[in-house]
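*Asks:* Numbered per this note's numbering, the sequence shown spans residues 528 to 1299.
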Amino acid sequence: MRRNVLAGLAVGVLAATLCAAPAAAASPDVVISEIYGGGGNAGATYRNDFVELYNRSSASISLTGWSVQYASASGSTWSVTSLSGSIAPGGSYLVKLASGGSTGAALPTADATGTTNMSATSGKVALRTTTTALTCSTSCAFVSGNRDFVGYGSANDAEGTRAPGGSNTASVARTNPAVDSDNNAADFAAGSPTPSNTSGTGSCPTGTRIRDIQGAGHLAALTGTRTTRGIVTAKSTAGFWLQDPCPDGSDATSEGLYVSTSGSPTVSVGDDVSVTGSVSEVRPGGAATNLTVTTMAYSSKSTLGTGKPLPAATVVGSGGRVPPGAVIEDDATGNVETSGTFDPASDGLDFWESLEGMRVQIASAAVVGPTNSYGEFPVVPGGSGVRSTRGGIVTQSGDFNPERVMVGDTLATAPTVTVGDTFGAALTGVLSYDFGDYFLLPSSFPSRVSGGLTAETTTAAGSGQLAVATFNVQNLDPTDPQSKFDALAGQIVTNLRSPDLVALEEVQDNNGATDNGVVACDQTMSKLISAISAKGGPSYAYRQINPTNDADGGEPGGNIRQVFLFRTDRGLSFTDRPGGTATAATTVTNAGGVPQLSYSPGRVQPADSAFNTSRKPLAGEFRWNNRPLFVIANHFNSKGGDDPLMGRYQPPSAPSETQRHQQATIVNSFVDSIRAVDPNAAIVVLGDINDYDFSRTADLLVGSGELVDLPRTLPVAERYTYVYEGNSQVLDHILLSSWLAAQPYVYDVVHVNSEFPTQVSDHEPQVVRLTF
528 MRRNVLAGLA VGVLAATLCA APAAAASPDV VISEIYGGGG NAGATYRNDF
578 VELYNRSSAS ISLTGWSVQY ASASGSTWSV TSLSGSIAPG GSYLVKLASG
628 GSTGAALPTA DATGTTNMSA TSGKVALRTT TTALTCSTSC AFVSGNRDFV
678 GYGSANDAEG TRAPGGSNTA SVARTNPAVD SDNNAADFAA GSPTPSNTSG
728 TGSCPTGTRI RDIQGAGHLA ALTGTRTTRG IVTAKSTAGF WLQDPCPDGS
778 DATSEGLYVS TSGSPTVSVG DDVSVTGSVS EVRPGGAATN LTVTTMAYSS
828 KSTLGTGKPL PAATVVGSGG RVPPGAVIED DATGNVETSG TFDPASDGLD
878 FWESLEGMRV QIASAAVVGP TNSYGEFPVV PGGSGVRSTR GGIVTQSGDF
928 NPERVMVGDT LATAPTVTVG DTFGAALTGV LSYDFGDYFL LPSSFPSRVS
978 GGLTAETTTA AGSGQLAVAT FNVQNLDPTD PQSKFDALAG QIVTNLRSPD
1028 LVALEEVQDN NGATDNGVVA CDQTMSKLIS AISAKGGPSY AYRQINPTND
1078 ADGGEPGGNI RQVFLFRTDR GLSFTDRPGG TATAATTVTN AGGVPQLSYS
1128 PGRVQPADSA FNTSRKPLAG EFRWNNRPLF VIANHFNSKG GDDPLMGRYQ
1178 PPSAPSETQR HQQATIVNSF VDSIRAVDPN AAIVVLGDIN DYDFSRTADL
1228 LVGSGELVDL PRTLPVAERY TYVYEGNSQV LDHILLSSWL AAQPYVYDVV
1278 HVNSEFPTQV SDHEPQVVRL TF
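Spelled out as structure tokens, the structure:
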């Protein structure tokens, strides 16, 4: 809306200002929210024409001395209807005008009445802070005294571009009464007329509004038994979502509310209902780390109308509200619900909370994680964060991408998607929260547009190159279907190009999760090696150490461990030194200036408390080009038990990292013991470290330069081995001793799993081709 910013003009130039267009600014308060000119005509919805006003400010506004004025599409004669009284913040004001006949329903009680007969299809309407009639035909929109101006249909004047025309059954209404872009075409749409007056009779609620209940914070401002009103925007089998169609324009208060029912809700989408129930904060699933959802437990309702247009969805991203790009929460200490400042503009957690229960539209939604086993997937608005080279969004130090939101299938069957996919239309739904994340719940899904992502294939090792890889095969055991073994074999042979050495993580015992004391994995490995041969791969050998039953964590009964899978047809050999057991620690000895492992394969400090209920590092001594090569395969303590990124406690607590720090310190010390004998030793430390490239765990492994962490050498957009809830992140590492890193090498993370819904493992393999 426009208002005149020129003041103090002489009376002698008044007539000229009525047709001039001085600089203007959007109306700070009252705007024209709806125009209906079909009153009384054949087939009309209502018997009289009307103009509805809306107060988008936070204060009551007196309209005494103001007027609503109308002129035909190209006319310069303006009919004036004087106004009086006031309009409350967030309230409506109804101006009843003439009738073209006797057809249609009576309007709600009008706040002002005039005799103007408007056209349904085309015309010009001005809201003025004076009763002085305009005299212009064009360039009228921004003249002195105008508060708002709408040109519709074929009108020869408008704010920006003309709004669409109406009809006997359609009014021209603001899609969001609280928003004014100064462009009639962008702000208005034709639809069913919904007149509302200052008492709330019509489309705008009165009494306790949803925003009064929600308040500006993570917890409801009003609890207990309440009655509120809104439009039903979506429903599930256990409740429905309600939204106020007349928002207050504040970004801090939600206009949406979830109403839980004891059974299937007896409402329809588009119903205008007044609902009574008990408001409380409900923590989804009872998980202490989850945020709460403001919920009304349904008691009763009154249906005031049906088939109403849904409140406009809040656009998130370009052209709408842009979520914080890095900060999840920067001022809370502990429970974010009761500490810190509620700041949706700067804190991602507060941003999404301010939209709880509302209709939300993600602008140019891009898929940044594949469909999971629950039918959910994460998206970001276009233009978000540092995107990976393949369409994901990369986790960085201090930036865990708060612009991510999960998309759920609670209300409609979701498409199966891959990283990099987009959609053929807007992705719109109600916003909820569960499982430590905010969820967008669409009632229908637009068509998926494939991003064309395909699995990568690395380059085969050349003459003189040694290919060393690491691969978490995700709880592999003989009870898995043959298709999993075949798929893993295909990735090793085709995508990894049959590396000389593969450190495998999460190899389970011969009966998998059956907890009966079995710890051997010979059947698991035999099945994998056979599948590799069937895919045309080489004949692999392997070395490993059976763990003590149920001592290494992971799936109960599975007895996961690391395994060296290696081929000997290209010059690599394994140096066997027997004696390594689940509890015996291998050590480094000095054999005439050459380091040797006392046990090969052997475990590194298996009795240390740092490895309680966690995998013990597996060390092996190989030979390549007549030189010893020491390889340490790892699977550090998982992140289980850590707080969710988008959870109740901020900053999130990560107690699991304490054990990883201890494990990294021990492995770094073991590397030092090798380098103490030979500073130029060739050492590879690799595996599932379960921590980021920028983490303290990685720092401790690197030490003071003993090792070089290869993920850190990649461009940021390529720095990931795992995708979790849309965050592309590094969990798997290959590190080289300083001497080995100074030799020629080529490092490659091979993306074949984590970005795809049909992944055979949740981790990506990676390979380094060494020349030494």
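Each residue gets a CB set at the ideal place from its N, CA and C atoms; glycine is no exception.
#1: Could you give the C-beta distance for Asp576 and Gly566, rounded to a whole number, given that I count them as a contact under 8 Å?
#2: Helix, strand or coil for His1260? Go by DSSP, reduced to three states.
#3: Using 8 Å as the threshold, is the segment 864-876 in touch with the segment 829-837, meaning 3 or more CB pairs across them?
#4: Quick check on Ala600: does DSSP put it in helix, strand or coil?
#5: Please report the residue range of the alpha helix (DSSP H) in which Phe878 lies.
#6: Check whether the Cβ of Asn1086 lies closer than 7 Å to any heavy atom of the ligand GDP, and answer yes or no.
#7: Going straight from the alpha carbon of Ala941 to that of Pro772, what length do you get?
#8: Does the pairing of the segment 552-561 with the segment 705-718 give three or more beta-carbon distances under 8 Å?
#9: Going by DSSP, name the residue or residues bridged to Phe869.
#10: Are the Cβ atoms of Arg975 and Phe950 separated by less than 8 Å?
#11: From this set, Val1276, Asn1086, Asn1161, Ala682, which residue's C-alpha is nearest Ala1225's C-alpha?
#12: Would you check if there are 3 or more beta carbon pairs closer than 8 Å linking the segment 1170-1187 to the segment 962-972?
#13: How close, in whole Å, do the beta carbons of Pro905 and Leu938 come, if the pair is a contact with beta carbons under 8 Å?
#14: Assuming Asp964 is part of the beta strand (DSSP E), what are its boundary residues?
#15: Can you tell me where the beta strand (DSSP E) holding Thr636 begins and where it ends?
#16: Give me the Cα-Cα distance between Arg1094 and Pro1026, rounded to the nearest whole angstrom.
#17: To the nearest angstrom, report how far apart Ala550 and Leu958 are at their CA atoms.
#18: Counting Cβ pairs closer than 8 Å, one from the segment 1186-1201 and one from the segment 1215-1231, do we hit at least three?
#19: Among Gly861, Arg917, Asp778, which has the Cα closest to the Cα of Thr816?
#20: Output the residue ranges of the beta strand (DSSP E) runs that lie fully inside the segment 934-1013 and measure 3 residues or longer, sorted by chain position.
#21: Where do the N-terminal and C-terminal ends of the alpha helix (DSSP H) with Thr1051 fall, by residue?
#22: Is the beta carbon of Ser781 closer than 8 Å to that of Glu930?
#23: Could you pull out every residue in the same chain whose Cβ sits closer than 7 Å to the Cβ of Ser603, ignoring the five residues on either side in sequence?
#24: Compute the Euclidean distance between the alpha carbons of Gly912 and Gln1035, then round it to the nearest angstrom.
#25: Counting C-beta neighbours from all protein chains within 10 Å, is the total for Thr648 16 or more, i.e. buried, or is it exposed?
#26: Out of Phe1101, Pro1155, Pro871, Leu1099, state which residue places its alpha-carbon closest to the alpha-carbon of Asn1117.
#27: Name the DSSP bridge partner or partners of Pro905?
#28: Just curious, the alpha helix (DSSP H) that Phe1197 is in, first and last residue?
#29: Does Ser834 come out as helix, strand or coil in the three-state DSSP assignment?
#30: May I ask you to report which of helix, strand or coil DSSP gives Asn1038?
#31: Using three-state DSSP, classify Gln1293 as helix, strand or coil.
#32: Considering only their Cβ atoms, is the gap separating Ser1180 from Gly1232 smaller than 8 Å?
#33: For a minimum of 3 consecutive residues, which ranges assigned as the beta strand (DSSP E) are wholly contained in the segment 766-851?
#34: Spell out a yes or no on whether the segment 1142-1159 and the segment 1067-1079 are touching, meaning 3 or more CB-CB pairs, one atom from each, closer than 8 Å.
#35: Is the beta carbon of Ser807 closer than 8 Å to that of Thr822?
#36: Is Val1243 buried or exposed, if buried means 16 or more other CB atoms sit within 10 Å of its CB?
*Replies:* According to the data block:
#1: Here residue 576 refers to the residue found at position 49 when the sequence shown is read from its first residue. Here residue 566 refers to the residue found at position 39 when the sequence shown is read from its first residue. The pair is a contact, with the Cβ atoms about 4 Å apart (cut-off 8 Å).
#2: The residue given as residue 1260 occupies position 733 in the sequence shown. Residue state, collapsed to three classes: strand.
#3: no
#4: Counting from one through the sequence shown, the residue named residue 600 turns up at place 73. In the structure shown, Ala600 sits in coil (DSSP, three-state: anything other than H, G, I, E or B).
#5: Here residue 878 is taken as the residue at index 351 of the sequence shown, counted from 1. Element bounds for Phe878: 875-880.
#6: Within the structure as shown, the ligand GDP is missing, as the structure has no ligands at all.
#7: By one-based count along the sequence shown, residue 941 stands at place 414. By one-based count along the sequence shown, residue 772 stands at place 245. Their backbone Cα atoms lie some 27 Å apart in a straight line.
#8: yes
#9: For this step, residue 869 is matched to residue 342 along the sequence shown. Per DSSP, none; premise fails for Phe869.
#10: By one-based count along the sequence shown, residue 975 stands at place 448. By one-based count along the sequence shown, residue 950 stands at place 423. Closer than 8 Å, so yes.
#11: One-based indexing of the sequence shown puts residue 1225 at position 698. If we check each option's Cα against that of Ala1225, Asn1161 comes out closest.
#12: yes
#13: Position 378 of the sequence shown, counting from 1, holds the residue named residue 905. Position 411 of the sequence shown, counting from 1, holds the residue named residue 938. Rounded, the Cβ-Cβ distance is 17 Å, inconsistent with contact.
#14: Residue numbering aside, residue 964 sits at position 437 when the sequence shown is read from its first letter. 964-968 is the extent of the beta strand (DSSP E) around Asp964.
#15: Along the sequence shown, read from residue 1 onward, the residue named residue 636 stands at position 109. Counting along the chain, Thr636 falls outside any beta strand (DSSP E), and DSSP gives it neither H nor E.
#16: As a position in the sequence shown, residue 1094 is number 567, starting the count at 1. As a position in the sequence shown, residue 1026 is number 499, starting the count at 1. Looking at the two C-alpha atoms, the distance is approximately 8 Å.
#17: If you number the sequence shown from 1, residue 550 lands on position 23. If you number the sequence shown from 1, residue 958 lands on position 431. Confidence in Ala550 is poor, its pLDDT being 38 and thus under 50, which makes the residue's placement unreliable; the coordinate value appears in the next sentence. Roughly 39 Å separates the two Cα atoms.
#18: yes
#19: Mapped onto the sequence shown, residue 816 falls at position 289. The option with the nearest alpha carbon to Thr816 is Gly861.
#20: 954-961, 964-968, 993-1003
#21: Your numbering for residue 1051 matches position 524 in the sequence shown. 1049-1061 is the span of the alpha helix (DSSP H), which, as asked, contains Thr1051.
#22: Translated into positions along the sequence shown, residue 930 becomes position 403. Translated into positions along the sequence shown, residue 781 becomes position 254. Not closer than 8 Å, so no.
#23: Reading the sequence shown from its first residue, position 76 is the one you call residue 603. Correct list, in chain order: Thr662, Cys663, Ser664.
#24: One-based indexing of the sequence shown puts residue 912 at position 385. One-based indexing of the sequence shown puts residue 1035 at position 508. Each residue's Cα considered, the two are about 38 Å apart.
#25: Stepping through the sequence shown from its first residue, residue 648 is reached at position 121. It is buried - the Cβ of Thr648 has at least 16 other Cβ atoms within 10 Å.
#26: Your numbering for residue 1117 matches position 590 in the sequence shown. Out of Phe1101, Pro1155, Pro871, Leu1099, Pro1155 has the C-alpha closest to the C-alpha of Asn1117.
#27: Counted from its first residue, the sequence shown places residue 905 at position 378. Met933.
#28: Your numbering for residue 1197 matches position 670 in the sequence shown. Per DSSP, Phe1197 belongs to the alpha helix (DSSP H) from 1183-1204.
#29: Numbered from its first residue, the sequence shown carries residue 834 at position 307. The sequence shown places Gly at residue 834, rather than the Ser named in the question. If DSSP states are grouped into helix, strand and coil, Gly834 belongs with coil.
#30: Translated into positions along the sequence shown, residue 1038 becomes position 511. If DSSP states are grouped into helix, strand and coil, Asn1038 belongs with coil.
#31: Here residue 1293 is taken as the residue at index 766 of the sequence shown, counted from 1. Of the three classes helix, strand and coil, the one that applies to Gln1293 here is strand, per DSSP.
#32: In the sequence shown, the residue the question calls residue 1232 occupies position 705. In the sequence shown, the residue the question calls residue 1180 occupies position 653. No. Outside cutoff.
#33: 766-770, 783-787, 799-809, 820-832, 841-843
#34: yes
#35: By 1-based counting over the sequence shown, the position of residue 822 is 295. By 1-based counting over the sequence shown, the position of residue 807 is 280. Contact flag set, yes.
#36: Numbered from its first residue, the sequence shown carries residue 1243 at position 716. With fewer than 16 Cβ atoms within 10 Å of its Cβ, Val1243 is classed as exposed.
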